[in-house]
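**Q** Going by this note's numbering, 115 is the number at position 90 of the sequence shown; the sequence numbering is gapless.
Just so it is clear, CB atoms sit at the ideal spot from N, CA and C, and this is done for glycine as well.
All of these numbers come straight from a predicted model, not from anything done at the bench.
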Amino acid sequence: MQKKNVLKGVLFVGIGASIYGMLATFVKLAYQDGYTTSEVTTSQFILGLIGLLMLNFIQTITSKKTLSSPGFGEVKNLLLAGTSLGCTSLFYYIAVQYINVSIAIVLLMQSVWFSVVVESFVTKKLPNARKIISVLIVLFGTVLATDLINTDIELDVKGIFWGLMAAGSYTLTMFSSNKIATHLPVLRKSIIMLAGGSVVVFLFLIFAQIGPLYSESLKAFYLNFTDNTHHIHTFRYSILWKYGFILALFGTIIPPILFNIGFPNAGLGLGSIVSSLELPVSVTMAFVMLGEKVVFIQWIGIVLILFAIVLMNLPSKKELAVV
Numbered sequence: 026m027q028k029k030n031v032l033k034g035v036l037f038v039g040i041g042a043s044i045y046g047m048l049a050t051f052v053k054l055a056y057q058d059g060y061t062t063s064e065v066t067t068s069q070f071i072l073g074l075i076g077l078l079m080l081n082f083i084q085t086i087t088s089k090k091t092l093s094s095p096g097f098g099e100v101k102n103l104l105l106a107g108t109s110l111g112c113t114s115l116f117y118y119i120a121v122q123y124i125n126v127s128i129a130i131v132l133l134m135q136s137v138w139f140s141v142v143v144e145s146f147v148t149k150k151l152p153n154a155r156k157i158i159s160v161l162i163v164l165f166g167t168v169l170a171t172d173l174i175n176t177d178i179e180l181d182v183k184g185i186f187w188g189l190m191a192a193g194s195y196t197l198t199m200f201s202s203n204k205i206a207t208h209l210p211v212l213r214k215s216i217i218m219l220a221g222g223s224v225v226v227f228l229f230l231i232f233a234q235i236g237p238l239y240s241e242s243l244k245a246f247y248l249n250f251t252d253n254t255h256h257i258h259t260f261r262y263s264i265l266w267k268y269g270f271i272l273a274l275f276g277t278i279i280p281p282i283l284f285n286i287g288f289p290n291a292g293l294g295l296g297s298i299v300s301s302l303e304l305p306v307s308v309t310m311a312f313v314m315l316g317e318k319v320v321f322i323q324w325i326g327i328v329l330i331l332f333a334i335v336l337m338n339l340p341s342k343k344e345l346a347v348v
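(1) Using a threshold of 8 Å, state whether the C-beta atoms of Phe70 and Leu283 are closer than that.
(2) For the candidate residues Phe146, Val121, Val224 and Phe229, whose alpha-carbon lies nearest to that of Asp181?
(3) Are Ile279 and Gly166 closer than 8 Å when you measure CB to CB?
(4) Where do the N-terminal and C-terminal ends of the alpha helix (DSSP H) with Lys89 fall, by residue?
(5) Please list the terminal residues of the continuous alpha helix (DSSP H) segment that includes Lys267.
(6) Just to confirm my understanding: we take Gly184, look at its own chain, exclude 5 residues before and 5 after, and list those with CB closer than 6 Å. What are they?
(7) What are the boundary residues of the alpha helix (DSSP H) that includes Tyr247?
(8) Go to Asn102, then tell me how far its alpha helix (DSSP H) extends in each direction, as first and last residue.
(9) Assuming Val100 and Ile217 are in contact, meaning their beta carbons sit under 8 Å apart, how far apart are those beta carbons, in whole angstroms?
(10) To the nearest angstrom, how far is it from the Cα of Tyr195 to the Cα of Ser201?
(11) Have a look at Asn30 and Ile271 and give me their C-alpha separation to the nearest angstrom.
(12) Could you say if the stretch 205-219 and the stretch 78-96 meet the contact criterion of at least three C-beta pairs nearer than 8 Å?
(13) In chain order, what residues of the same chain have a beta carbon less than 8 Å from the beta carbon of Phe275, not counting five sequence neighbours either side?
(14) How would you label Gly316, buried or exposed, when you count the other beta carbons within 10 angstroms and need 16 or more for buried?
(15) If you reduce the DSSP assignment to three classes, tell me which class Arg261 lands in.
(16) Taking 6 Å as the limit between beta carbons, can you name the residues of its chain near Leu339, skipping five residues before and five after?
(17) Just mark Val347 as buried or exposed, buried being the case when its beta carbon has 16 or more other beta carbons within 10 Å.
(18) Taking the alpha helix (DSSP H) that Glu303 falls in, what are its first and last residues?
(19) Output needed for Trp138: all residues of its chain with C-beta closer than 6 Å, excluding positions within five of it in sequence on either side, in chain order.
(20) If you follow the alpha helix (DSSP H) that Tyr56 is part of, which residue opens it and which one closes it?
(21) Is it buried or exposed for Glu303, if we count other Cβ within 10 angstroms and need 16 for buried?
(22) Classify Val163 as helix, strand or coil using the three-state DSSP reduction.
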């Protein structure tokens, strides 16, 4: 029975990671159709909230036991933690504007070693030798996966910056979601965090698209950050049914639910290893659907990053002895 539960957990985490890995490809397709980052993120979060509210309502009326409700302090903390969720989507999608999906996902996976650094600060303990080796492998794998050794390649600095910002906010999202209000049902917790992320997304919509259209002072302020005015126009609602539905399903509804079902059964270590499937799936989708060039050395880098994730999450001899 125990093995069956582990297999079930691995399956759910694997499917969730694979679905999440497809997300950036659809974002890139939306960009090719002329939609803006504001429209993409807003449609994803609006439809994601609606979908989670519907699922939460169904769960509430069908549940045979009373579901836990958050206190005021927990709601406040989850909303605050949710802002990092909104920032992750926003930064990642901005990065995809400047660089290939295959490069953006590699930068997002830097959260692997970012989390080691954050954990060291939180616990006030230096990481063990295996984690340090894993981090070094990730860094070397990143050099190969982004093809930095190719002197002919030109990576947009803006894309690299926003990709690393996405990795940083993703790290905060992972830590906060594993620490705050863990007793709450998955759907209720996800709704509150998504609401917090929506605030960030809506503020960006006003700042980068809607505000400058109706206010000259906001436009003047916005132009201090960029000279690109092509995306200053009214919100195009067609994004909702053309891409919003699939972005909400693949980004904010299905993966979190599958992860929250799968991780308790698979365990954090094994679950983290399986969730790294997001990386090869994302690169493969970009290669097949977008025609992005991925050379052999980049695949070697991706394999190294995956190996580092496995190495980092393997149980130690002490942990095996306890089992």
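**A** Looking at the atomic coordinates:
(1) no
(2) Ranked by Cα distance from Asp181, the first of Phe146, Val121, Val224 and Phe229 is Val121.
(3) no
(4) Unbroken run through Lys89: none, as it is neither H nor E.
(5) Per DSSP, Lys267 belongs to no alpha helix (DSSP H) and is neither H nor E.
(6) Ala120, Tyr123 and Ile124
(7) Glu241 to Tyr247
(8) Phe97 to Tyr123
(9) 6 Å
(10) 10 Å
(11) 29 Å
(12) yes
(13) Ile44, Tyr45, Met47, Leu48 and Phe51
(14) exposed
(15) coil
(16) Here the set comprises nothing.
(17) With a pLDDT of 47 at Val347, under the threshold of 50, the predicted position of this residue should be treated as unreliable, though the coordinate-derived value follows. Exposed is the call here.
(18) Glu303 to Met314
(19) Excluding sequence neighbours, Trp138 sits near Val160 and Val163.
(20) Leu48 to Gln57
(21) Label assigned to Glu303: buried.
(22) Helix, per DSSP.
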